[in-house]
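Data first, discussion second: the structure below is written as structure tokens.
In our numbering, the protein residues as written are 141 to 410.
Right under this line is the structure:
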């Protein structure tokens, strides 16, 4: 009889253990799921769908956005970011013509403001300032803005409809300096290229662009009191087919990670 009781107790214990195994497995599975989420790459979010994003960006962002795009893709597996760089006025024309894209970043607020019907609310992600780029070694001895009015100096500027061209015109007019450029270029990179190639003695560009050509050109600073501040607004396009993913990327541009990349490249805080 005692033996029978012992057998019954052993059988009951075995049944209880069998019932507990699925429960333990479920708990273990739940814990694993939570750990996986916590270990996700920095900045990634399960609520943001993977997508192929096309971002229209101002020419002066060429180098820094390549680095930013790589960082974003690393933190958001499955998402690819493709950039199309051009002068802000060219980008605006593309947007108005219905070019397939998801987000836009211009080098001025004026251009972005003219696209209110095509974009969602923009946010400024960075600022920039102007400098004078000269040939390597500054052979013409350019000292500042006044030097650009010299008749023996070949100066190249961006066209007035280009943000950097408009900023250049603004600072020159404020100082009552008349400059007759040998050419007016469609974007800041074209201005820089003319100076690099020796086709111009000097040109006004963004500080960050001059830094990207370090060793190929020299720079002459423009005092803050005479300078202009360029603002870079970013916005998603209303026609984007990847609205959530585009919004996540634009928001990320203001994150500490993205801001460090921008500021390391010489851009100022927004």
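Backbone N, C-alpha and C define an ideal beta-carbon position, used for all residues, glycine too.
Residue i to residue j span [Cα, whole Å]
i	j	result
residue 279	residue 309	24 Å
residue 284	residue 361	7 Å
residue 341	residue 213	40 Å
residue 288	residue 366	14 Å
residue 339	residue 354	18 Å
residue 245	residue 345	18 Å
residue 265	residue 374	7 Å
residue 231	residue 249	13 Å
residue 293	residue 337	15 Å
Of the residues the options, the one placed nearest residue i, counting alpha carbons only
i	options	result
residue 333	374, 348 and 357	357
residue 318	290, 398 and 219	290
residue 306	354, 237, 371 and 406	371
residue 401	194, 313, 201 and 269	201
residue 195	235, 241, 220 and 218	241
residue 114	392, 209 and 226	Beyond the ends of the chain as shown, which are 141 and 410, falls residue 114; an answer cannot be given.
Cβ pair residue i, residue j closer than 8 Å
i	j	result
residue 347	residue 295	no
residue 298	residue 331	yes
residue 88	residue 390	This structure cannot speak to residue 88, because the chain is shown only from 141 to 410.
residue 199	residue 382	no
residue 282	residue 407	no
residue 218	residue 197	no
Residues bridged to residue i [DSSP beta-bridge criterion]
i	result
residue 195	223 and 243
residue 373	264
residue 408	267
residue 354	357
residue 275	357
residue 283	In DSSP, residue 283 forms no bridge with anything.
residue 344	272
Supposed contact pair residue j and residue i - C-beta distance, whole angstroms, cut 8 Å
i	j	result
residue 359	residue 273	6 Å
residue 301	residue 192	Their Cβ separation, rounded to whole angstroms, is 31 Å, which puts residue 301 and residue 192 out of contact at 8 Å.
residue 409	residue 259	About 23 Å; that fails the 8 Å criterion.
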